[in-house]
Amino acid sequence: MHRHAAVIGRPIDHSLSPQLHRAAYAHLGLPIDYGRQDLAPEELDGFLAACRDGYVGLSVTMPHKQAAAAAATSRSARVQLLGAANTLVWGHPEHRHHGLGDTDRGSGNGAAHQADEVGPWAHNTDVEGIVGALRFAGLRPLTGAETVGVVGNGGTASAAVLAASVLKAGRIDLFVRSAERAAPLVALARECGMQAQVRGLDELAAAAPGLASVVCTLPPRAADPLAEQLASAHRDGDVPAAADGTVRGDAGLPPLLDAAYDPWPSAIACAWQDAGGAVVSGVEMLLYQAVEQVRLFAAAAVAQGAEAALRERVERADWAEVTDVMARAVGLPPRH
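Take the sequence shown: its letters are residues 6 to 341, numbered as in the working numbering.
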């Protein structure tokens with residue numbers, strides 16, 4: 006039996022999610038059709054009601070992440086912390102108790118709200134996206150003593166704070182324009198067991214060498230002034246550079262995830278690489294969050310009564326191979 010999934014948002018034509026998901030389902034041999042749906046905010050509830058029959062899940066982009074979290078009939082503890090969902094799943098076998106998991110350190114025991122079997126369960130896989138992208142960029146295992154930098158204070162910044170907790174950072178440095186607007190991020194960091202410090206955007210260039218990694222969540226081109234400051238510091242010798250662009254000890258800059266990816270390379274990505282740091286774009290984040298969505302949607306398809314052969318394909322899936330297939334589908338380097 007064919008099942009359906011889609012990415013929803015506005016605008017949506019630019020989304021790479023269809024390429025990622027379709028490549029995965031074709032590789033796995035799963036009968037899941039994945040499309041895209043352009044929705045205005047006022048159309049969300051009606052569309053979700055129409056998804057009850059035949060849908061395994063939705064990938065949720067702006068401007069619907071907060072509304073999707075509110076509209077779901079059950080939510081992971083992660084969504085309860087963040088107040089935003091990028092994933093809705095119908096019939097996932099763990100929807101009653103799938104929460105933060107063993108590696109998340111936020112409050113709560115991971116229990117989701119009592120679920121209506123018909124309604125969707127909300128989750129947020131942006132955290133896996135950030136964690137996976139930083140690890141691919143070369144981030145080494147953290148010990149709890151390191152500081153992760155987060156630039157910006159929007160929804161992606163919240164996911165970055167939680168991702169830093171998953172990675173076992175001990176502190177978050179928040180580089181923002183407004184300290185007042187960063188207050189929710191400070192509270193989130195502390196709830197996740199980390200210290201937090203609010204700093205100005207103009208402090209990033211000087212602080213970067215002492216950070217374990219940096220996640221820039223600013224919109225496209227909004228980080229260009231930071232790139233100029235970084236380039237100036239590098240020219241003045243304030244930022245030590247590694248000749249081959251890798252991160253070794255105190256040489257150069259730590260891995261940077263620039264969540265923006267159009268245009269690419271961004272100005273801050275170029276300046277970061279020139280100063281010796283490894284850089285990955287938001288497409289890497291998109292890849293790893295999509296891999297986790299594929300896991301969830303595949304499990305939902307099985308839970309909805311898939312035939313034995315499909316169940317076996319899901320249970321035996323080589324997820325490293327699936328990730329590689331998905332990466333190639335959007336022009337990213339092979340994973341292995």
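Just so it is clear, CB atoms sit at the ideal spot from N, CA and C, and this is done for glycine as well.
Reducing DSSP to helix, strand and coil, say where residue i ends up.
i, result
"V335", "coil"
"G175", "coil"
"A304", "helix"
"R340", "coil"
"S20", "coil"
"G14", "strand"
"Y60", "strand"
"R182", "coil"
"H26", "helix"
"L93", "strand"
"G34", "coil"
"D329", "helix"
"T66", "coil"
"R253", "Here R253 scores only 35 on pLDDT, less than 50, and its place in the model is too uncertain to base an answer on."
"G198", "coil"
"Y39", "strand"
"H9", "strand"
"G160", "helix"
"G287", "helix"
"R316", "helix"
"R240", "helix"
For residue i, which option in the options has the closest C-alpha, if you only look at C-alpha atoms?
i, options, result
"G157", "P224, R145 and L93", "P224"
"D207", "P125, E233 and H7", "E233"
"A334", "H7, Y30 and G14", "Y30"
"Q202", "L235, T152 and S218", "T152"
"A28", "V327, R226, V284 and R316", "V327"
"A54", "V219, G124 and A168", "G124"
"T78", "L315, S218, A127 and V220", "A127"
"L337", "E320, A138, G34 and F52", "A138"
"G14", "P339, L44, M6 and L35", "L44"
"F347", "L172, L167 and G159", "For the chain, the structure presents residues 6 to 341; residue 347 sits outside this window and is missing."
"A72", "R226, A304, E48 and D58", "E48"
"R176", "S183, E185 and E196", "E196"
"G205", "L172, A228 and I37", "A228"
"V171", "D178, P270, R182 and T148", "T148"
"Y39", "V299, R240, A10 and Y293", "A10"
Starting from residue i, trace the alpha helix (DSSP H) in both directions and tell me its first and last residue.
i, result
"G215", "Careful: G215 lies outside any alpha helix (DSSP H) and carries neither H nor E."
"D263", "Where D263 is concerned, there is no enclosing alpha helix (DSSP H), although the beta strand (DSSP E) it sits in stretches over L261 to D263."
"A276", "A272 to D279"
"A74", "K70 to A76"
"S81", "From DSSP, S81 is part of no alpha helix (DSSP H); its letter is neither H nor E."
Beta-carbon separation of residue i and residue j under 8 Å?
i, j, result
"G287", "A272", "no"
"A174", "M199", "yes"
"A291", "G62", "First, the amino acid is wrong: residue 291 is Leu here, not Ala. The answer is no: Cβ separation not under 8 Å."
"V132", "T92", "no"
"W277", "L258", "yes"
"A142", "P214", "no"
"K70", "A82", "no"
"A238", "L144", "no"
"R8", "A314", "no"
"P23", "R41", "yes"
"L86", "L190", "no"
Over the uninterrupted beta strand (DSSP E) stretch that includes residue i, give me the two end residues.
i, result
"H128", "W126 to H128"
"Y53", "Checking the sequence shown, residue 53 turns out to be Leu, not Tyr. No beta strand (DSSP E) contains L53, which is instead part of the alpha helix (DSSP H) from L49 to A55."
"G134", "That residue, G134, is in no beta strand (DSSP E); its alpha helix (DSSP H) goes D131 to F141."
"T152", "T152 to V156"
Please report whether the beta-carbon of residue i lies at a distance below 8 Å from any beta-carbon of chain B.
i, result
"D279", "The structure shown contains no chain B, having only a single protein chain."
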